[in-house]
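Residues in the sequence shown are numbered from 619 upward in steps of one, following the numbering used here. Structure first, commentary second.
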Amino acid sequence: MIAIASLPKAELHLHLEGSLEPETIMRLSERNGIALPFADADALRAAYEFDDLQTFLDLFYAGLTVMVTEQDFYEVTREYLEKAADDGVCHAEFHVSVQGHLGRGVSVDTMMSGISRAFEDGAAELGVGASMIFGLQRQRPLEEAEAAFEDFVKHPRWVALVSAIGMGGSEVGYPTAKFRPLYDRARALGWKTTVHAGEEGGPEAVREALDGLAPDRLDHGVRAFEDAELTQELIDSGMTLTVCPLSNLRLKVFDSIEAHPLAKMLRAGLKVTVNSDDPPYFGGYIGANFVAAQRGLGLSDDEIIQLARNSFSGAFLPEDQIGRYLAAFDRAIAGR
Ligand code: HPA
Ligand code: ZN
Numbered sequence: 619m620i621a622i623a624s625l626p627k628a629e630l631h632l633h634l635e636g637s638l639e640p641e642t643i644m645r646l647s648e649r650n651g652i653a654l655p656f657a658d659a660d661a662l663r664a665a666y667e668f669d670d671l672q673t674f675l676d677l678f679y680a681g682l683t684v685m686v687t688e689q690d691f692y693e694v695t696r697e698y699l700e701k702a703a704d705d706g707v708c709h710a711e712f713h714v715s716v717q718g719h720l721g722r723g724v725s726v727d728t729m730m731s732g733i734s735r736a737f738e739d740g741a742a743e744l745g746v747g748a749s750m751i752f753g754l755q756r757q758r759p760l761e762e763a764e765a766a767f768e769d770f771v772k773h774p775r776w777v778a779l780v781s782a783i784g785m786g787g788s789e790v791g792y793p794t795a796k797f798r799p800l801y802d803r804a805r806a807l808g809w810k811t812t813v814h815a816g817e818e819g820g821p822e823a824v825r826e827a828l829d830g831l832a833p834d835r836l837d838h839g840v841r842a843f844e845d846a847e848l849t850q851e852l853i854d855s856g857m858t859l860t861v862c863p864l865s866n867l868r869l870k871v872f873d874s875i876e877a878h879p880l881a882k883m884l885r886a887g888l889k890v891t892v893n894s895d896d897p898p899y900f901g902g903y904i905g906a907n908f909v910a911a912q913r914g915l916g917l918s919d920d921e922i923i924q925l926a927r928n929s930f931s932g933a934f935l936p937e938d939q940i941g942r943y944l945a946a947f948d949r950a951i952a953g954r
């Protein structure tokens, strides 16, 4: 079986705030005087038992309130990049829940100075490149999203660190189409577009998001596979899906790894990638997600290689940079 850590890969679906380890949450909560209803990191980790997406999101939004200073944003971003480097990640795209920070009085400059300093150090010291995905929250009002966007785009040097606009948050009952004007604004800035859909919502939610936003990429998308016609459309359009197996298990989208459709999706011709979403919350970083799929679904070495290769061709990077990553990837595989 191919060694996962030795395989170069890009992580395309990762939430900065979802990369907070329980120990980091407790450390920052003490440092910043933010009270949390958990005695220590073990008590917090013990609460990571989720019934569904919403029970996770409640903890996710509570946890991110400990991020206050530039140094906090630096440390959290850097901690993820160090773990990612150990897993063979050479490029990472971070969803950042901008509204979750600006709404608490954190400034765009505070947030972005820390993130950008970690991006610089991650590239120079760890060899991991990174960009940010401006992550909207679909259950929140459009006006709040617009205000956060306007606040952010006043700063050209931060706009340059963003590769895409995206959208997470509660899925069922929260259609995407009202956010179309912001997606069009993002496209005008040269950003790519992605959206979470087909995680808890069924194929109809994926259809709504495709029609509503015309995204370049689909986050999760696993439940699109329940609809043969939709699946064929996604194959024909070459849509990249950022699948997160351990997330889907922890949020009870599927009962077991054996029941996860990743292998069938890949074999049907969908361009799927493997990602971690919110690693400490869901029990593993990208390497653990690959290993779970490799063992639980009996993926061949060639299939694992295809999944990793898709992560570069589906990345939100300039074409020439994708070409360089793919050439290096193919050299690494040939030299195995
Ligand atoms: N789905 C929706 N919103 C999110 C997620 C997710 O998996 N992770 C962090 N925010
Ligand atoms: Zn996500």
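In this text, a Cβ means the ideal position worked out from N, Cα and C, and glycines have one as well.
Item	Value
So GLU639 and PRO898 are in contact, right, with Cβ under 8 Å, and what is the actual spacing, rounded?	5 Å
Which runs of the alpha helix (DSSP H), 4 residues or longer, sit entirely within the stretch 620-707?	640-650, 659-664, 671-681, 688-704
If we ignore side chains and look at the alpha-carbon of each, how far apart do LEU917 and GLU847 end up?	25 Å
If I'm right that LEU869 touches GLY839 with Cβ under 8 Å, what's the distance once you round it to whole angstroms?	Incorrect: roughly 15 Å between the Cβ atoms, too far for contact.
Taking only runs that begin and end inside the stretch 785-825, name each unbroken beta strand (DSSP E) of 3 or more residues, in chain order.	810-815
Does DSSP put ASP837 in a helix, in a strand, or in coil?	strand
Quick one: what's LYS889 bridged to in DSSP?	THR858
Quick check on HIS773: buried or exposed, where buried means 16 or more other Cβ atoms within 10 Å of its Cβ?	exposed
What's the gap between the Cα of PHE797 and the Cα of GLY786?	12 Å
Looking at LEU671 and the ligand HPA, is the gap between the Cβ and the nearest heavy atom below 7 Å?	yes
Between PRO821 and GLU844, is the Cβ-Cβ spacing less than 8 Å?	yes
Identify which residue in TRP809, PHE930, ALA952 has its Cα closest to the Cα of ARG942.	PHE930
Heavy atom of the ligand ZN less than 7 Å from the Cβ of ASP837, yes or no?	yes
Which of the three DSSP states, helix, strand or coil, is assigned to HIS878?	coil
Between the C-alpha atoms of THR673 and PRO833, what's the straight-line distance to the nearest angstrom?	27 Å
Evaluate VAL892 with the Cβ neighbour count: other Cβ atoms within 10 Å of its Cβ, from every protein chain shown; 16 or more gives buried, anything less gives exposed.	buried
Helix, strand or coil for VAL724? Go by DSSP, reduced to three states.	coil
What number of angstroms, rounded off, separates the C-alpha of ILE875 from the C-alpha of GLU688?	38 Å
Cβ of ILE934 within 8 Å of Cβ of LYS810?	Reading off the sequence, residue 934 comes out as Phe, not Ile. Taking 8 Å as the Cβ cut-off, PHE934 and LYS810 qualify as a contacting pair.
DSSP state of ASP895, grouped into three classes?	strand
Is it buried or exposed, GLN939, if we count other Cβ atoms within 10 angstroms and call 16 or more buried?	exposed
Are ILE904 and ILE923 closer than 8 Å when you measure CB to CB?	no
The alpha helix (DSSP H) that contains PHE752, what's its start and end?	Not the alpha helix (DSSP H): PHE752 falls in the beta strand (DSSP E), residues 747-755.
Under a Cβ-count criterion, where at least 16 other Cβ atoms within 10 Å of its own Cβ denotes burial, should ASN928 be classed as buried or exposed?	buried
Are GLY745 and THR695 touching if we call contact CB-CB under 8 Å?	no
Along the alpha helix (DSSP H) that carries ALA763, what are the first and last residues, could you check?	760-771
Closer than 6 Å by C-beta to ALA741: which residues in its own chain qualify, once you throw out the five before and the five after it? Chain order, please.	GLY747
Tell me whether MET685 is buried or exposed, calling it buried when 16 or more other Cβ atoms sit within 10 Å of its Cβ.	buried
Nearest CA to the CA of ARG582: which residue from GLU921, ILE783, LEU800, GLU693?	The first residue shown for the chain is 619 and the last is 954, placing residue 582 beyond what the model contains.
Beta carbon of VAL813, beta carbon of LEU831: below 8 Å?	yes
Give me the Cα-Cα distance between LEU880 and VAL890, rounded to the nearest whole angstrom.	8 Å
Can you list, in chain order, the residues of its chain whose CB lies under 7 Å from that of ALA657, leaving out five sequence neighbours each side?	none
Thinking just about the alpha-carbon of each residue, which of GLY718, ARG841, ASP854 is nearest to the one in ALA877?	ARG841
Please report how far the alpha carbon of LEU675 lies from the alpha carbon of ALA778, in whole angstroms.	29 Å
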